[in-house]
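Asks: This is the structure, below, for whatever I ask next.
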Amino acid sequence: MVNTEKFISQSIMEIKTAAGHDKVVMALSGGVDSSVCAALAAKAIGDNLIPIYIDTGLMRKGETERIRTIFGNIHLQIVDAGEEFFDSLRGVTDPEAKRKAIGERFIRVFEREARNQGARCLLQGTIYPDRIESEGGIKSHHNVGGMPIEMEFTKVIEPIRDLYKDEVREVAGALGLPKEIQHRMPFPGPGLAVRVLGEVTRDKVAVIREANAIVEDELIEKYRPWQCFAALLGLGTGVKGDNRIHGWIIAVRAVNSRDGMTADPLEIPFDHLMRIGSRITADIPSVARVVYDISAKPPATIEYE
Ligand code: XMP
């Protein structure tokens, strides 16, 4: 474990030196990693930091409004790019191709915004496990990392590149970031798209966004899992009212983990699982069935794609 105070002062120095008088852009997702980077950089270079939040249309319920509220006091640029992302995803079903489509689109949007800001320097919230998994080729898209963005920037700064997630959370606490951010569950760069099997459409994302909000509402406060979410698996037959329907199958996933590299399914009492299932099928007309995922990582990954 790093010495948190020492880490903070060293990082601030590092960012100051690396940035000089240049403007620095970063993609701020509102997750703990990018939020810690934004807080460090704001201390180091003040208004020369330009955090950019890209609303990909693949975000969780209320996410954009939340970010606006929390980071309203720094010069946050909010970009509404949902239309562009769904365009890139049309007809794409292969999981890797989906990630690539999202990653490439993200870069294009981000570069456009960075260019508009006249920034030459990029700040990234890459953490240690990201580097290990990306180097091993396990993930093709990680935040903004692993993508060809260096071409436009003279410098890339990664202040938390050597930290594990629990260390990042400690730094978040020491920096005085809100508890909500400090204990934020990891949320993948490609967003809800890795929780929709097959083609990603607006309709499917709307369904999974609602189901996910129910899962988070039921599980986060009570169990504080590493991650919990809903995924959309496909269609199955069901009966709703007097009608047989072909409705969505939703998987509830909840895991405990130290660093995301391995994970165990959360033990949830059966009556609570039943309640979650009932809420999802009652609130979302197009859902016919809900299952609970009991897979550990390995062999399963945490996300579905
Ligand atoms: P997996 O699904 O590989 O996930 O077991 C391990 C951890 O990484 C997160 N994850 C991602 N994070 N971009 C990210 O920024 C991604 O493409 C990505 N894929 C997975 C996942 O939520 C879990 O915490």
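Each residue of the sequence shown is one higher than the last, beginning at 337 in the working numbering. No residue lacks a Cβ here, since even glycine has one placed at the ideal position from N, Cα and C.
(1) Determine contact between the segment 503-517 and the segment 530-548, defined as no fewer than three beta-carbon pairs at a distance below 8 Å.
(2) In angstroms, rounded to a whole number, what distance separates the CA positions of G427 and V530?
(3) Does the Cβ-Cβ distance between L569 and L533 come in under 7 Å?
(4) With R589 as the anchor, note down where its beta strand (DSSP E) starts and where it stops.
(5) Give the straight-line distance between the Cα atoms of I544 and M349, rounded to the nearest whole angstrom.
(6) How would you call A719, buried or exposed, if buried means at least 16 neighbouring beta carbons within 10 angstroms?
(7) Quick one: complete beta strand (DSSP E) runs, 3+ long, within the segment 357-445?
(8) Quick one: Cα of A632 to Cα of I638, how far?
(9) Any idea what DSSP makes of V623, helix, strand or coil?
(10) For C564, which residues of its own chain have a beta-carbon under 6 Å away from its beta-carbon, when the five flanking residues on both sides are left out?
(11) Less than 7 Å separating the beta-carbons of V360 and I517?
(12) Name the one or two DSSP bridge partners that G574 has.
(13) Within the same chain, show all residues whose beta-carbon is closer than 8 Å to that of A354, passing over the 5 residues directly before and after it, in chain order.
(14) Measuring CB atoms only, is the segment 381-398 touching the segment 513-528, in the sense that at least three cross pairs come out at less than 8 Å?
(15) How big is the Cα-Cα spacing for V536 and K342?
(16) Since I believe A417 is in contact with L425 (beta carbons under 8 Å), could you give me their beta-carbon distance rounded to a whole number of angstroms?
(17) For T462 and P634, I'd like the C-alpha separation in whole angstroms.
(18) Taking the DSSP output, what are the residues bridged to A549?
(19) Taking only three categories from DSSP, how would you classify Y628?
(20) Using 10 angstroms around the beta-carbon of P387, count the other beta-carbons present and answer buried if the total reaches 16, otherwise exposed.
(21) The ligand XMP and G427: does any heavy atom of the ligand fall closer than 6 Å to the residue's C-beta?
(22) Provide the residue span of the alpha helix (DSSP H) that contains I493, from first to last.
Replies: Based on what the coordinates show:
(1) no
(2) 15 Å
(3) yes
(4) 579-592
(5) 42 Å
(6) Absent from the structure is residue 719, since the part of the chain shown begins at 337 and ends at 641.
(7) 360-363, 385-391, 413-416
(8) 8 Å
(9) strand
(10) V551, L555, A590
(11) no
(12) I581
(13) C457, K491, I493
(14) yes
(15) 44 Å
(16) 12 Å between Cβ atoms; not a contact.
(17) 23 Å
(18) Looking at the DSSP assignment, A549 forms no beta bridge with any residue, so it has no partner.
(19) strand
(20) buried
(21) no
(22) Taken as a continuous stretch (DSSP letters only), I493 belongs to no alpha helix (DSSP H), being part of the beta strand (DSSP E) at 491-493.
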